[in-house]
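Everything below concerns the one structure shown next.
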Amino acid sequence: KSLLMTVALAVAALAMTGAPATAQAKKVIRINHAGADDIMGTEHQMFSWIFANYVNQKAPTLEVRIFPNSGLGQSRQVIEAMQLGSGASMHIGGMAEFANFCQARCGVVGLPFIFKGYDHVQRVLDGPVGAALSAELEKAGFKALGYMYSWGYRNVVTAKKEIKTVADLKGLKIRTIPTPVFVGAINAMGASATPMNFGEVYTSMQSGVLDGFEHTASTTLSFKFHEIAKYVAITQHLIDPTVVAFSNSEWAKLDGKEQAVVVEGAKLAIDIARAMSSVRETESFAQLKKLGMTITHPDMSEARAKAADVQKEMAAKLKAEDLLQQILAQ
2 KSLLMTVALA VAALAMTGAP ATAQAKKVIR INHAGADDIM GTEHQMFSWI FANYVNQKAP
62 TLEVRIFPNS GLGQSRQVIE AMQLGSGASM HIGGMAEFAN FCQARCGVVG LPFIFKGYDH
122 VQRVLDGPVG AALSAELEKA GFKALGYMYS WGYRNVVTAK KEIKTVADLK GLKIRTIPTP
182 VFVGAINAMG ASATPMNFGE VYTSMQSGVL DGFEHTASTT LSFKFHEIAK YVAITQHLID
242 PTVVAFSNSE WAKLDGKEQA VVVEGAKLAI DIARAMSSVR ETESFAQLKK LGMTITHPDM
302 SEARAKAADV QKEMAAKLKA EDLLQQILAQ
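Here the sequence shown stands for residues 2 to 331, where the numbers follow the working numbering.
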């Protein structure tokens, strides 16, 4: 454990005090996410664990249950059900996942090479762009409780081929989230984007259906992809902010006091998860290297230069040119 992790969990523990829950029937809040059941390994589970403990202590009428590893279903199916008022109460996932259900503008934060680092992401998500995204999600049936950083940049992981230059990506079948923005980002680097549910990636890599995938170092580690993949190329093509989304129909079932506790718990958990982003990214890369993965640093300058045109083209399709300009200007 890092010192920062220890401090973070201690802070959370201090906050998780309150009146003991009574024996009365409780309203159940079900959290779904695709991350591993690993507090140290995934932002999703760290948030869920802190949030659940806080709410279960502070609100005697509520009970939070966590379903990691897509326990209530794959993201698309869960989000769709939430719109209809069934299944999960909350889902934690990338904005790219929700862009399939709200106005296309939600996908703007998934454009390649738009973020300059965590401070930049924070300015964007906590400012007018974040407010605009929350408004779009509200129209689609979701209350955005806040945004996180995915614990790092997404990079390309390959099973057999070492990526020393961007040209080495040409033609490789690289899994990405089934959304036009992500597909466009991977294709822009010369690879062949292959949309696929996350739960299918491991076996598809084993069988050779995929040459690789793109994700964060912490996810690569927590799902043990080092067992079937040898290489990580530091492409840093995007950070895909995650949103903590509550179903509007489920939210309406909570009274004012319960809603206030949920908001408080989400803020605490988000603040801690955000603080851990750069730490967990660094620690995960170090661990992957110890486990035998080769980490390369291809020159991405040409890809970044070309990305400007890709950004404009995609933003136009998303009808989000204004949001793109705000992001790049911050």
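Positions of the beta carbon are idealized from the N, C-alpha and C atoms, including for glycine. This structure is a prediction, so every number in the text was calculated from the model and none was measured.
- Here the alpha carbons of residue 207 and residue 195 stand approximately 15 Å from one another.
- At least 9 Å separates the beta-carbon of residue 123 from that of residue 281.
- Contact between residue 113 and residue 238 holds: CB atoms are separated by about 5 Å, below the 8 Å threshold.
- In this structure the stretch 128-143 does not touch the stretch 257-273; the number of beta carbon pairs closer than 8 Å is below three.
- Annotation: the continuous alpha helix (DSSP H) that includes residue 99 extends over 96-99.
- With respect to the C-alpha of residue 190, the residue from 242, 166 and 201 having the closest C-alpha is 166.
- Rounded to the nearest angstrom, the Cβ distance from residue 293 to residue 227 is 7 Å, consistent with a contact under 8 Å.
- Residue 295 holds the alpha-carbon nearest to the alpha-carbon of residue 163 among 221, 253 and 295.
- With contact defined as three or more Cβ pairs closer than 8 Å, the stretch 302-318 and the stretch 240-252 are not in contact.
- In this structure, residue 32 lies near residue 68, with their beta-carbon atoms less than 9 Å apart.
- Shown here for residue 104: same chain residues with a beta carbon closer than 6 Å to its own, the five before and five after excluded, namely 137 in chain order.
- Secondary structure note for residue 106: it is in no alpha helix (DSSP H), with a DSSP letter that is neither H nor E.
- The alpha helix (DSSP H) runs lying completely inside the stretch 259-309 and spanning 4 residues or more are 278-291, given in chain order.
- In the structure shown, the three-state DSSP call for residue 174 is strand.
- Residue 44 is positioned such that its CB atom lies closer than 9 Å to that of residue 151.
- Excluding five sequence positions before and after residue 322, the CB atoms of its chain that fall closer than 6 Å to its own CB belong to 316, given in chain order.
- Rounded to the nearest whole angstrom, the CA to CA distance from residue 52 to residue 223 is 20 Å.
- C-alpha of residue 176 to C-alpha of residue 197: approximately 6 Å in a straight line.
- The beta-bridge partner set that DSSP reports for residue 156 consists of 216.
- Cβ neighbours of residue 286 within its own chain (closer than 7 Å, five residues either side excluded): 218 and 296.
- DSSP places residue 29 in the uninterrupted beta strand (DSSP E) bounded by 28-34.
- In this structure, the beta-carbon distance from residue 254 to residue 27 does not fall below 9 Å.
- In the structure shown, residue 319 falls within a helical segment according to DSSP collapsed to helix, strand and coil.
- Annotation: the continuous alpha helix (DSSP H) that includes residue 207 extends over 202-208.
- Between residue 178 and the set 232, 131, 54 and 99, the nearest pair of CA atoms involves 99.
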